[in-house]
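Step one of this worksheet: look at the structure below.
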Amino acid sequence: MSQSEALLKEFKAKVEKAIEGLKLGLAKFRTGRANLSLLDGIRVNYYGSPTPLNGCAALGVPEPRLITIKPYDKGVLREIEKAIREANLGLNPMSDGEFIRLPIPPLTEARRKEIAKQVRTRGEEHKISIRNERRDVNEILKGMQKDKLLSEDEAKRISEKVQKETDAGIARVEELVAKKEKEVMEV
13 MSQSEALLKE FKAKVEKAIE GLKLGLAKFR TGRANLSLLD GIRVNYYGSP TPLNGCAALG
73 VPEPRLITIK PYDKGVLREI EKAIREANLG LNPMSDGEFI RLPIPPLTEA RRKEIAKQVR
133 TRGEEHKISI RNERRDVNEI LKGMQKDKLL SEDEAKRISE KVQKETDAGI ARVEELVAKK
193 EKEVMEV
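In this note's numbering, the protein residues as written are 13 to 199.
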């Protein structure tokens with residue numbers, strides 16, 4: 013594999029990584045529906061060590077607007093409630109001593125618009141990230157061409173492939189953002 017092909021392969025991997033990062037980021041936005049990915053970043057103080065919520069409790073979505081949490085050990089119930097409150101998700105855990113019920117309140121129109129704006133901003137950040145990667149690859153190609161490691165035709169060919177990958181990556185970002193926006197604005 014030539015140096016330029018390795019560069020192209022590395023660029024493709026970085027574009028894919030940016031898209032995966034966007035998917036993970038978008039999953040954390042509230043849509044008015046119960047979604048376990050809302051709780052992904054929550055760590056519970058489980059006997060002195062920070063543990064992911066799904067590591068110390070069974071999580072479920074019995075209804076579209078309700079998440080249930082059943083701790084494996086009832087002694088950690090208060091810690092789970094505390095961790096959810098400290099996560100600032102705008103959710104109020106309700107405990108009955110065995111279960112924690114996490115009702116998902118419907119979003120107001122203003123809040124939906126605010127979240128949709130945050131989704132667009134997140135998408136724009138990832139598009140910029142992809143464009144920055146393209147710029148870096150093109151700089152490397154120019155340097156290789158200047159050092160006579162690459163012919164002008166080869167540099168142009170790789171540069172065109174990089175542009176094609178950039179366009180495809182940005183199109184995927186826009187598609188993901190549009191899908192998430194639609195989900196957020198849905199009542």
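Cβ atoms here follow ideal geometry from the backbone N, Cα and C, with glycine treated the same way.
If contacts are defined as beta-carbon pairs under 8 Å, then residue i and residue j qualify, I think. What distance do you get, rounded to the angstrom?
| i | j | result |
| --- | --- | --- |
| V189 | R146 | Rounded, the Cβ-Cβ distance is 19 Å, inconsistent with contact. |
| I79 | A46 | 5 Å |
| S49 | K40 | 6 Å |
| R134 | G37 | 5 Å |
| L103 | L71 | In fact, because the Cβ distance is near 13 Å, the residues do not count as touching under 8 Å. |
| E193 | A128 | 5 Å |
| G60 | H138 | About 37 Å; that fails the 8 Å criterion. |
Starting from the Cα of residue i, find the closest Cα among the options and give me that residue.
| i | options | result |
| --- | --- | --- |
| A180 | V27, S14, Q15 | V27 |
| N144 | A70, R90, L101, E177 | E177 |
| G88 | E22, R55, E151, S171 | Rather than Gly, the amino acid found at residue 88 in this sequence is Val. With distances taken between Cα atoms, V88 lies closest to R55. |
| T120 | G44, A30, L50, S14 | G44 |
| A30 | V185, K168, R169 | V185 |
| E110 | E98, P83, G135 | P83 |
| A99 | R132, A122, P64 | P64 |
| E17 | H138, L153, E126 | L153 |
| P117 | L101, K21, Q15 | L101 |
| R90 | N66, N57, K160 | N57 |
| I182 | E136, R169, V73 | E136 |
Go through its chain and collect everything with a Cβ distance to residue i's Cβ below 6 Å, but skip five positions before and after it.
| i | result |
| --- | --- |
| M156 | L162 |
| R124 | V196, M197 |
| S141 | A30 |
| A167 | L153, Q157 |
Given residue i, which residues of its chain have a CB within under 8 Å of its CB, disregarding the five upstream and five downstream residues?
| i | result |
| --- | --- |
| M106 | I112, R113, L114, P115 |
| N150 | S171, V174 |
| V131 | L38, F41, V189, K192, E193, V196 |
| L19 | V149, I152, L153, I170 |
Which residues in the same chain as residue i place their Cβ atom closer than 7 Å to its Cβ, once the five residues preceding and following it in sequence are excluded?
| i | result |
| --- | --- |
| A69 | I81, K82, P83, Y84, I92 |
| F23 | E145, V149, V174, E177 |
| A25 | none |
DSSP puts residue i in a beta bridge; with which residues?
| i | result |
| --- | --- |
| S107 | I112 |
| P76 | None; P76 has no bridge partner. |
| L71 | I81 |
| R55 | P64 |
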